[in-house]
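A short write-up of the structure that comes next.
Protein chains in written order, with our numbering: chain A, 5 to 411; chain B, -5 to 358.
Below, the structure written as structure tokens:
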């Protein structure tokens, strides 16, 4: 009993550790607060998604990342397959050596790969007297090459584990049956390796999409999704970053569920073969379609959420709060955010009680409205050194007059 | 249609290791020929030479009189049935069988027709659309044979294809293989370590040990007149006695031998064995008879009786410690001698053979 409790507690902690940050980030994507945070919760909003879609830099980066990812898949999959085939055919001694060489790029830090790729091709370009508009200085070309060096090793590992289960006598049998080596490869080995080609391609694509260390050097003047994100983080973030997270998590979930449906279908192949309804239902296509429809509904519903009323209310509440600080009878300690207040209400305040009015040194000589000092006891009146720039007050009762040290 | 296979002084070396040592024999067209030997004796290497997966280091391999050097496995008139069958798991039964036709560019309709024909031949009609996994061991076996036959080979090579089957099925498939061979009339070259398979199916058997061919003969000769000590001890059970020639073989082909355990017996021997030469004498367990009137006599003490249904085996020990084995047909009722009883055994000179000593012969 106690053991089970411990196990349960451990599992809970483990999952909290794994998914806690994700859950919080997803939550912040829907909070209208200007900084990604859950508390205080302000308004449920989908505006950050809109903000995201309007971000040209990010979209360009995303497009570039997709292009680079595609290039990496196309180049690294055949290289990985070729390496794995070679490893599975050489002797044990040579295999150990080659294996070490092939996976070395995984062990080299990405920064080193990025820098060396950049420098190497710069030297090559320099030796050939190539201009800066040539391939040797092209961010796409360099990034694809740089990423392929280690991503093809990932692909190789995927293929290798598949090939270890391949029975080489199948190839021999095909040859013996009169197939040419090419036919044996295309008709026997390739169909066997096909599932691994899919996994290797997905792995390569994802590895390329999320790579930063290498990319940040090789991308030169272009930008990718990760480099744009990184610069966003550096120059101040807003919850549109959380919105990206929500989209990525959503897409991942959809892909994973569809894949799982396909897996389950294979596992249950025997049982559902005779049942046409179940067979269609279990097909990954309708599952995927359903998920896409659900996602579409979520997007449509999200686009109709109008949080402006709520946001206006929140703004109002904030003002009221500030006012509360202002009017609180604590002359010795003025509300800390008073100096910022006037920026909020550049125009004439709607209420004579709004704190802006009473702020000392109110923006560049804007004369306080005659009614302003409704109470001569307002803390602003007594503030020392206020209203230095203000012209002669229109009313002798204006607060500036009473302030000591005002000229 | 059928072609003879000639091995002309074929030697295969892997580094320092000699897998096949000077194999020299001819397999006639239409023959069911077996290579019999323990694992590691080089029989599979010979098969790989014939099928083209291995080039001989020395010597020539001829199929239908044509030297096969440099001709790949896909260009030879052979089809190999692998030990693990090597059926293509991602293809249906019919696709497997039609694979040799597919790679030769035969059209889809014709392929299907031919596959159905072959399914008929192996008694699996209408099962072409099944997955290979859905078949039983014996059915897979037959599909592998059908696929090999689809190649329309002149020579069918079989690499211990029955070893994965259970006993009953194995015995059934022996008969079936032989029947298929008679039906299609091809040269079958069969590799096995199972002497039962080799003896029941083959026209001729080559017994191999450590890369060397020990004897090539029909099954009865291999059993009754082994050429070497290895053949005598490997094929069937045999009792072995160390001894020395006392009187060389006369015109009747028998010589007198002094056995180490103290008896003088008259056995068959090659005329080349002179007086005083060390020999090994082999006597089949079923040739030894307790009591009886045979001229060669031995005395031993009974240690144990093994009962095996149709047969009964007496395990005895001679005075010098040599273990002896006597097999009797179980006639029922007769309890036989009790344990520790001294038993007098007799055997006829025609049922024993003296051979030059061989370290490969295993006693008992």
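Where is the CB? At the ideal position from N, CA and C, for every residue including glycine.
Source: prediction; values computed, not measured.
Element boundaries [alpha helix (DSSP H), containing residue i]
| i | result |
| --- | --- |
| residue 187/B | Element bounds for residue 187/B: n/a, residue is neither H nor E. |
| residue 79/A | 60 to 93 |
| residue 37/B | 37 to 45 |
| residue 245/B | Element bounds for residue 245/B: n/a, residue is neither H nor E. |
| residue 256/B | Where residue 256/B is concerned, there is no enclosing alpha helix (DSSP H), given that its DSSP letter is neither H nor E. |
| residue 202/B | Looking at the DSSP string, residue 202/B is not in any alpha helix (DSSP H); the run it does join, the beta strand (DSSP E), is 198 to 203. |
| residue 269/A | 244 to 271 |
| residue 202/A | 194 to 214 |
| residue 340/B | Where residue 340/B is concerned, there is no enclosing alpha helix (DSSP H), although the beta strand (DSSP E) it sits in stretches over 336 to 341. |
| residue 175/A | 172 to 180 |
| residue 98/B | Careful: residue 98/B lies outside any alpha helix (DSSP H) and carries neither H nor E. |
| residue 126/A | 114 to 131 |
| residue 165/B | 161 to 178 |
| residue 140/B | 131 to 144 |
| residue 322/A | 312 to 331 |
| residue 51/A | 51 to 57 |
| residue 166/A | 143 to 167 |
Residue i: first and last residue of the uninterrupted beta strand (DSSP E) it sits in
| i | result |
| --- | --- |
| residue 237/B | 233 to 241 |
| residue 307/B | 305 to 312 |
| residue 386/B | Nothing can be reported for residue 386/B, as the shown portion of chain B is limited to -5 through 358. |
| residue 322/B | 317 to 323 |
| residue 7/B | -1 to 8 |
| residue 274/B | 272 to 277 |
| residue 28/B | 26 to 30 |
| residue 19/B | 11 to 21 |
| residue 187/A | Segment 185 to 188 is the alpha helix (DSSP H) holding residue 187/A; no beta strand (DSSP E) there. |
Local Cβ density within 10 Å of residue i, reported as buried at 16 or more and exposed below that
| i | result |
| --- | --- |
| residue 153/B | buried |
| residue 123/A | exposed |
| residue 11/A | exposed |
| residue 112/B | buried |
| residue 189/B | buried |
| residue 15/A | exposed |
Identity of the residue in the options nearest residue i by Cα
| i | options | result |
| --- | --- | --- |
| residue 105/A | 149/A, 118/A, 90/A and 115/A | 90/A |
| residue 256/B | 113/B, 297/B, 313/B and 74/B | 313/B |
| residue 32/B | 201/B, 103/B, 111/B and 242/B | 201/B |
| residue 126/B | 246/B, 138/B and 156/B | 138/B |
| residue 268/B | 62/B, 169/B and 238/B | 238/B |
| residue 108/A | 72/A, 154/A, 69/A and 97/A | 154/A |
| residue 232/A | 28/A, 63/A, 24/A and 243/A | 63/A |
| residue 258/B | 266/B, 246/B and 235/B | 235/B |
| residue 18/B | -3/B, 63/B, 124/B and 50/B | 50/B |
| residue 248/B | 141/B, 102/B, 94/B and 349/B | 349/B |
| residue 72/A | 228/A, 30/A and 135/A | 228/A |
| residue 310/B | 290/B, 245/B, 2/B and 338/B | 338/B |
| residue 72/B | 296/B, -3/B, 2/B and 322/B | -3/B |
| residue 32/A | 270/A, 45/A and 23/A | 45/A |
| residue 193/B | 203/B, 2/B, 205/B and 210/B | 210/B |
| residue 163/B | 140/B, 228/B and 191/B | 191/B |
| residue 197/B | 36/B, 183/B and 306/B | 183/B |
| residue 187/B | 63/B, 157/B and 161/B | 157/B |
### Message
Quick check: the region 176 to 184 of chain B against the region 15 to 29 of chain B, are at least 3 beta-carbon pairs closer than 8 Å?
### Response
yes
### Task
Using a Cβ-Cβ cut-off of less than 9 Å, give me the residues of the region 76 to 90 of chain B that come near chain A, in sequence order.
76, 77, 78, 79, 80, 81, 82, 83, 84 and 85
### Message
For the region 44 to 59 of chain A against the region 116 to 135 of chain A, do three or more pairs of beta-carbon atoms, one drawn from each stretch, fall closer than 8 Å, so that the two count as touching?
### Response
no
### Message
So if I threshold CB-CB distances at 9 Å, which residues from the region 203 to 227 of chain B count as touching chain A?
### Response
none
#### Entry: Under 9 Å (Cβ pairs) to chain B, residues found in the region 178 to 190 of chain A
178, 179, 180, 181, 182, 183, 184, 185, 187 and 188
### the region 336 to 353 of chain B touching the region 258 to 268 of chain B, judged by at least three CB pairs closer than 8 Å
yes
### Message
I want to know whether the region 137 to 148 of chain A touches the region 222 to 233 of chain A - three or more CB-CB distances under 8 Å.
### Response
yes
### Task
Please determine if the region 58 to 70 of chain B and the region 82 to 90 of chain B are in contact, where contact requires at least 3 C-beta pairs separated by less than 8 Å.
no
### Query
Is the region 157 to 165 of chain A touching the region 42 to 57 of chain B in the sense that three or more CB pairs, one from each, lie closer than 8 Å?
no
### Task
Count the CB pairs spanning the region 226 to 243 of chain B and the region 299 to 306 of chain B that are closer than 8 Å, and state whether there are at least three.
no
### Task
Give a yes or no on contact between the region 179 to 194 of chain B and the region 4 to 18 of chain B, applying the rule of three or more CB pairs nearer than 8 Å.
no
### Query
Does the region 321 to 328 of chain A touch the region 58 to 76 of chain A, meaning 3 or more C-beta pairs lie closer than 8 Å?
no
### Task
Evaluate contact between the region 215 to 233 of chain B and the region 274 to 284 of chain B, counting only Cβ atoms and requiring at least three cross-stretch pairs below 8 Å.
yes
### Task
Quick one: which residues of the region 189 to 216 of chain A get their C-beta closer than 8 Å to a C-beta of chain B? List them in chain order.
191, 192, 195 and 196
### Task
Take every Cβ of the region 143 to 151 of chain B, pair it with every Cβ of the region 65 to 84 of chain B, and state whether three or more of those distances are shorter than 8 Å.
yes
#### Entry: Contact between the region 196 to 207 of chain A and the region 74 to 88 of chain A (3+ Cβ pairs under 8 Å)
yes
### Task
Check each residue of the region 155 to 174 of chain A: if its Cβ is closer than 8 Å to any Cβ of chain B, include it; give the result in chain order.
171, 173 and 174
### Task
Name, going along the chain, the residues of the region 171 to 184 of chain B whose beta-carbon falls closer than 9 Å to a beta-carbon of chain A.
none
### Query
Can you list, in chain order, the residues of the region 96 to 127 of chain B whose Cβ is nearer than 7 Å to any Cβ on chain A?
97 and 98
### Task
Residues of the region 308 to 320 of chain A with a CB closer than 7 Å to any CB of chain B: list them in chain order, please.
none
### Query
Using a beta-carbon distance cut-off of less than 7 Å, what residues from the region 217 to 237 of chain A approach chain B?
none
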